[in-house]
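Just so we're aligned: the sequence shown equals residues 33 to 247 in this note's numbering.
Using N, Cα and C, we set each Cβ at its ideal position, and we do this for glycine too.
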Amino acid sequence: MGRLKISPSILAADFSKLGAEIERVYNADFIHIDMMDGHYVPNLSFGPMVAQTVKQICDLPLDIHLMVTNPDQYIPVLAELKPAYITVHYEACIHLQRTLNSIREYGVKAGVSLNPHTPLDGLCYVLDDLDLILVMTVNPGFGGQKFIPKMYDKIKDARSLIGDRNIDLEVDGGISLNNIAQVVEAGANMIVAGSAVFGAPDAAKYISDLRKAAN
């Protein structure tokens, strides 16, 4: 699977000094932006303007996660930022294949996120249309939650579903030094970490420690 990719979620950063917080994770692979509309999930976070600001102050590629009820309306403006990924929720898309193709038409990699209770079955028919599967290991909406242990099995099943396809398997929720090895062993090659990274005294060191613990 190659080198583990780490995508710190700025949902857990100190918003009053976001620029400085992003500098703390300079050795990450991506910056994860959780956009929440207060409808799909019971929380309101960032809109496209914040994503634009992050793009201006950050050299790392953006990993944008849309936790919104109508993701299609945000895709054109976000695609202008040339992020590495735009990920939509399976549960929020009426025409998933169309949405994924829309993302790809902008030259951006397309991802699908699944809530903990959502089975993987529905992805069988869109595997050729996506570049990333994001397995949520907490219920989305808030940072700092505990990893749901049953999700190890789901990560394994997702890896089996991917097979030899060139699809990243990202895991988001409750990732720390205590469970990173198990998450990677289950099949993840990309992880989102928020509270654990930004809550550490030395965020860059914590990212390095995550990589060491994963091996």
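For residue i, the three-state DSSP class (helix, strand or coil)
| i | result |
| --- | --- |
| P40 | strand |
| L50 | helix |
| L159 | helix |
| V144 | strand |
| A60 | coil |
| A228 | helix |
| D204 | strand |
| D241 | helix |
| D91 | coil |
| I110 | Sequence check: residue 110 is Leu here, not Ile. If DSSP states are grouped into helix, strand and coil, L110 belongs with the helices. |
| V12 | As shown, the chain starts at 33 and ends at 247. That puts residue 12 outside it, with no answer to give. |
| I199 | coil |
| I100 | Per the sequence presented here, residue 100 reads as Val, with Ile not at that position. V100 falls in the coil class under three-state DSSP. |
| T119 | strand |
Own chain residues within Cβ distance below 7 Å of residue i, not counting five before or after
| i | result |
| --- | --- |
| A190 | L152, I165, V167, L201, G219 |
| D241 | L209 |
| C125 | P103, T131 |
Outcome for residue i when other beta-carbon atoms lying within 10 angstroms are tallied against a minimum of 16
| i | result |
| --- | --- |
| K37 | buried |
| C156 | exposed |
| P115 | buried |
| G226 | buried |
| A52 | exposed |
| G330 | The structure shown does not extend to residue 330, since the chain is modelled only from 33 through 247, so no value can be given for it. |
| K49 | exposed |
| V224 | buried |
Own chain, CB closer than 6 Å to residue i, minus 5 neighbours either side, in chain order
| i | result |
| --- | --- |
| D61 | K37, I38 |
| M222 | K37, D200, E202 |
Cβ-based neighbour list, residue i, same chain, cut-off 8 Å, excluding 5 preceding and 5 following
| i | result |
| --- | --- |
| I63 | S39, P40, I42, I54, V57, V86, C90, L92, P93, L94, D95 |
| G34 | N221 |
Under 9 Å between C-beta atoms of residue i and residue j
| i | j | result |
| --- | --- | --- |
| V82 | I107 | no |
| A213 | A246 | yes |
| V120 | L113 | no |
| N198 | D161 | no |
### Message
Does the contact criterion of 3 or more C-beta pairs under 8 Å hold for the stretch 57-64 versus the stretch 91-99?
### Response
yes
### Message
Whether or not the stretch 209-216 and the stretch 141-155 are in contact is what I'm after, with contact meaning three or more pairs of Cβ atoms, one per stretch, closer than 8 Å; do they touch?
### Response
no
### Message
With a threshold of 8 Å, are at least 3 pairs of Cβ atoms found where one atom belongs to the stretch 137-146 and the other to the stretch 94-111?
### Response
yes
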